[in-house]
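Engineer: In the numbering used here, the protein residues as written are 691 to 798.
In this text, a Cβ means the ideal position worked out from N, Cα and C, and glycines have one as well.
Values in this document were obtained by computation on a predicted structure and should not be read as measured data.
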């Protein structure tokens, strides 16, 4: 009995071809970024630009008052904003999947 079962199927006179491993399947960079973001619990929006945006919006709506924010308020606003955006994208993905599509687009 041969030691290697592959030797049984080889015709005499033909050398064995070396077995090459299957090439590693390359995935898109965006898919790996999504997986990485799903694993982490960090905030995705940078803190300083978000604070600037909140201050700008508050400045537009203030009534001649100087507004001050605590750092915990910025953190709460940022977490709520990211949660809202994630839920919005989940709903958009469900709608796209329901329409048997892979991309989301604006429909007027």
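#1: Where does the unbroken alpha helix (DSSP H) through residue 732 begin, and where does it stop?
#2: Given a cut-off of 9 angstroms on the beta-carbon distance, is the pair residue 757 and residue 745 in contact?
#3: Mapping the DSSP letters down to three states, classify residue 753 as helix, strand or coil.
#4: Would you call the stretch 748 to 756 in contact with the stretch 724 to 731, where contact means no fewer than 3 C-beta pairs closer than 8 angstroms?
#5: In whole angstroms, give me the CA-to-CA distance for residue 772 and residue 714.
#6: Which first and last residues belong to the alpha helix (DSSP H) in which residue 771 is found?
#7: For residue 791 and residue 742, what's the separation of their Cα atoms in angstroms?
#8: Hey, how far is the Cα of residue 789 from the Cα of residue 762?
#9: Please report the straight-line C-alpha distance between residue 751 and residue 718, rounded to a whole angstrom.
#10: Quick check on residue 797: buried or exposed, where buried means 16 or more other Cβ atoms within 10 Å of its Cβ?
Structural biologist: Result, derived from the coordinates:
#1: In the chain shown, counting from the first residue as 1, residue 732 sits at position 42. Unbroken run through residue 732: none, as it is neither H nor E.
#2: The sequence position of residue 757 within the chain shown is 67, counting from 1. The sequence position of residue 745 within the chain shown is 55, counting from 1. Yes, the pair counts as a contact, with Cβ atoms nearer than the cut-off.
#3: Within the chain shown, residue 753 is the residue found at index 63, counting from 1. It is coil, neither helix nor strand.
#4: no
#5: Translated into the one-based positions of the chain shown, residue 772 becomes position 82. Translated into the one-based positions of the chain shown, residue 714 becomes position 24. Straight-line Cα distance between these residues: approximately 34 angstroms.
#6: Reading the chain shown from its first residue, position 81 is the one you call residue 771. Note, residue 771: alpha helix (DSSP H), 761 to 788.
#7: In the chain shown, the residue the question calls residue 791 occupies position 101. In the chain shown, the residue the question calls residue 742 occupies position 52. Residue 791 and residue 742: Cα-Cα distance of roughly 36 angstroms.
#8: Numbered from its first residue, the chain shown carries residue 789 at position 99. Numbered from its first residue, the chain shown carries residue 762 at position 72. If you draw a straight line from the Cα of residue 789 to the Cα of residue 762, it is about 41 angstroms long.
#9: Along the chain shown, one-based indexing puts residue 751 at 61. Along the chain shown, one-based indexing puts residue 718 at 28. Using only the alpha carbons, I get a separation of about 42 angstroms.
#10: Along the chain shown, one-based indexing puts residue 797 at 107. Result: exposed.
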